[in-house]
Structures are given as C-alpha cells and as structure tokens.
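Below is one structure, written out as structure tokens, with a few remarks after it.
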C-alpha cells in the first residue's frame with residue numbers, strides 16, 4: 040500500500056467511528072439522572088424474641104417423627120411377588 044492509501048483508509052475509519060459515535064448518542068441518548076427513594080433497614084440486634092405459643096407448643100405436631108400408616112410389611116411395593 041502506498042502512503043496515500045493508508046492515509047485515506049485512516050481518514051475513512053476515523054469518519055466512520057465519529058459518525059457511529061454521534062449516531063449512537065442521538066439514537067440511545069444519555070440517561071437522565073433521577074432521584075430514587077430507597078427503604079432504610081432496621082438495625083440488627085442480638086435480642087431474640089420468644090416464639091409464638093400458638094405455633095410452638097407442647098401439644099403441637101412434631102414433623103420430625105416418622106408416621107406409619109397401616110401395616111408396613113410390604114417393603115417392595117413394585118414387585119409382583121414372584
């Protein structure tokens with residue numbers, strides 16, 4: 040390549056980049072700065088509240104105990120007994 044061709048190529052690339060930049064700014068635009076309200080959080084403390092007696096009581100159901108319904112003699116329900 041000759042020096043003229045390199046100079047023209049650099050000029051065309053520069054003009055293309057500038058045109059793309061300004062066209063992009065015109066289409067997309069700049070973001071508007073708006074004020075935003077955010078909620079403030081409560082301070083975390085080490086105090087622990089007593090659980091509700093309505094939910095946690097001595098007569099409540101304990102979900103950690105296995106429940107057996109009926110006779111569990113059939114340990115392989117998907118076999119035909121052969």
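Residue numbers (our numbering): 40 to 121. Just so you know, even glycine gets a beta-carbon here, dropped at the ideal spot from N, CA and C.
In the structure shown, residue 46 falls within a helical segment according to DSSP collapsed to helix, strand and coil. Contiguous beta strand (DSSP E) elements confined to the region 73-113 do not occur, taking only those with 3 or more residues. In the three-state reduction of the DSSP assignment, residue 68 falls in the coil class, being assigned neither a helical nor a strand state.
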